[in-house]
Structure formats: structure tokens, C-alpha cells
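There are 2 protein chains.
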Amino acid sequence: MAKLLKINHVGIAVHNIEEALPFWTEGLGMKLHHVEEVARQKSKVAFLPVGESDVELVAPTAEDSVMAKYLVDKGQGIHHLCVETDDIEGLMNDLKAKGFRLINETPVEEPGRKMAFVHPKSTGGVLLELYEVTK
Amino acid sequence: MAKLLKINHVGIAVHNIEEALPFWTEGLGMKLHHVEEVARQKSKVAFLPVGESDVELVAPTAEDSVMAKYLVDKGQGIHHLCVETDDIEGLMNDLKAKGFRLINETPVEEPGRKMAFVHPKSTGGVLLELYEVTK
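So, in C-alpha cells, the structure goes:
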């Protein structure tokens, strides 16, 4: 059976990375690892490591992005929780077999990682990302 | 200067622990460590370890509790992020000196731990808990 390894990251929705960063870096003393453009999601992500996890600040780069719509509806704040597993397909099959609903039917693959979201209807309101590090 | 050590936990607001648990335990295969009544906050908390962190499911035990009011306003979902530090007073003094706003002026002390919340106005919408493990 698939194992959960750790919290990979907590994703935080922000209007603007540059405006959001000072609290985390100057206030809490976290180090900014890097900022990445995620073209597929029309967003920009700042990675701030803490222990074995990251805090990720996610800002939209286009007004028609999912994140821009989220910010209009809900405002800034914690957006999703991402847990890392050693077997994302196994975990997804297990969840489906037990009647839990997924947003992605198959994992989204990118170099070095596979990801899929579980539907908040099945988690009690949490947008939960599943994540596997691949070779 | 105070150091951040890890994500101590992610707190998730739920109506009812027993109804919320099956997704995390049966679906994701997490182990329930224990359930604790927190009288001071009129809530009940289920601790689910994952790596060096916990997922905490928090349910109100009284209708006049902060958590019951939160659920009426916002519904179930991720409620707060808690980061662990080696020096909570140092970190709080630092944050205040830099103009960031705290909810607790001094840490709440319980056996084995000290805790304080940063105001969401200073974090960009995140309810952030600071946590120190004490002897």
C-alpha cells in the first residue's frame, strides 16, 4: 500500500509574490529558495523551505487563471495542503476504490514529479494535493 | 535570532472528528495518534502524524466556541498553519519590532509547549501559529 512520507508543502494564495514575501523572509527569517513560473497554471510560485517541507506562495500571472479567480472569491490565505507519497498511482487507485473523489483522474507529470488533486468534497473541504518525487 | 525548525502541524476545521477521520485514515492510510479535548478552546483535536509534522482535525465542542463560529462563517477546510521555532519569545519580539501584528501579546503556555498566533493582517490572510516545544 502507498505510504505518506511527509507534508511536501502548504500552498498560500497571494496577490503578489513581492508584496507577500517580506513577512516570511524578514519577519520569520525564512530563506527564499527560488521563484518559478508555472506556465500550465498561469502562476508564479515562491519556495520557502522549512524543515522537510516548503511554504509555497502562489500568485496568478493572468486574470483568467484559476488562482486569480480563487483570490476574487476567497481572498488571500492558505490554498492547499500537499502530502508526498511513494506511490501516487497506488494511492489514487485506493482512494477511488474506496469511493473518494479525485479532481485529476491520472497524475499530472512534470520532470521529477507527479501530482494530482483530491476533490474537497471528499476531504471535508480541504484542497489536497498528492505528490510523488520521480527519477 | 530565532530559527524556524519545521511545520509543526496544519490545522483543519471540521464539524465532527468521527465523520472527518475516515478520509485521512482509511483513504490516505494515516495513523490516528490520539484525540485530545482542548477545554480552553472548547474544541477536540485529532492528531495524525505525517513525517515530522501532524495534520490536526479540529472540531468545536460548544456552539459559542471560536471554531464553531469559524465553521458557520467559512465552512470546513484548512484553518491554520503552525510553524515550530526554537525561541518563540525572540521571534515574537522580532515580529513586533518589524511592525508585524500578533494576536497574542505573550505566548499561551501549556505543559511542554508555548504557542502564539500572528494576525492574518500581517501574514497576507494566513492564520499562522508559532509553537515552541518546552522542557
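Chains as they are written, first to last, in this note's numbering: chain A, 1 to 135; chain B, 136 to 270. Glycine included, each C-beta is placed from N, C-alpha and C at the ideal position. Since this is a predicted model, take the numbers as computed values, not measurements.
Of the listed residues A/L95, A/G112, A/V133, A/E109, nearest to A/H119 (C-alpha basis): Selected option, being the one with the closest Cα: A/L95.
Query raised in the report: Would A/G75 be called buried (16 or more neighbouring beta carbons within 10 Å of its own) or exposed?
Result: The residue is exposed, with fewer than 16 neighbouring Cβ atoms inside 10 Å.
Determine which residues share a DSSP beta bridge with A/G77 and list them.
According to DSSP, which records beta bridges pairwise, A/G77 is partnered with A/A13.
| field | Residue-chain proximity (B/V261, chain A), Cβ-Cβ < 7 Å | value | Taking a beta-carbon distance threshold of 7 Å, B/V261 counts as an interface residue toward chain A.
| Is it buried or exposed for B/G259, if we count other Cβ within 10 angstroms and need 16 for buried? | Here B/G259 is buried: its Cβ has 16 or more other Cβ atoms, across all protein chains shown, within 10 Å.
query: Going by C-alpha distance, which of B/F235, B/E244, B/N151 is nearest B/T269?
result: Of all alpha-carbon atoms in B/F235, B/E244, B/N151, the one lying nearest the alpha-carbon of B/T269 is that of B/E244.
Residues in its own chain within less than 6 Å of B/E171 by CB, not counting five upstream and five downstream? Annotation for B/E171: V180 place their beta carbon closer than 6 Å to its own, counting only its chain and skipping 5 residues before and after.
Contacts that A/E110 makes with chain B (C-beta to C-beta distance below 7 Å):
Correct list: empty, because the minimum Cβ distance to chain B is about 22 Å.
Return yes when at least one heavy atom of the ligand FMN lies under 6 Å from the C-beta of A/E36, else no. Among the components of this structure there are no ligands whatsoever, and the ligand FMN is therefore not found.
* Since B/E187 and A/K31 are thought to touch, with beta carbons under 8 Å apart, how far apart are those beta carbons, to the nearest angstrom? -> Between A/K31 and B/E187 the Cβ distance is about 18 Å, and since that is not below 8 Å, they are no contact.
* If you count every other CB in all the chains shown that lies within 10 Å of the CB of B/P195, and 16 or more means buried, which is it? -> Answer is buried; the Cβ neighbour count reaches 16.
Should B/G164 and A/M67 be called a contact, given that it needs their Cβ atoms to be closer than 7 Å?
Result no, Cβ atoms of B/G164 and A/M67 do not sit closer than 7 Å.
Item to check | Proximity below 7 Å, CB of A/V38 to CB of B/L139 | outcome: Between A/V38 and B/L139, the CB-CB gap reaches or exceeds 7 Å.
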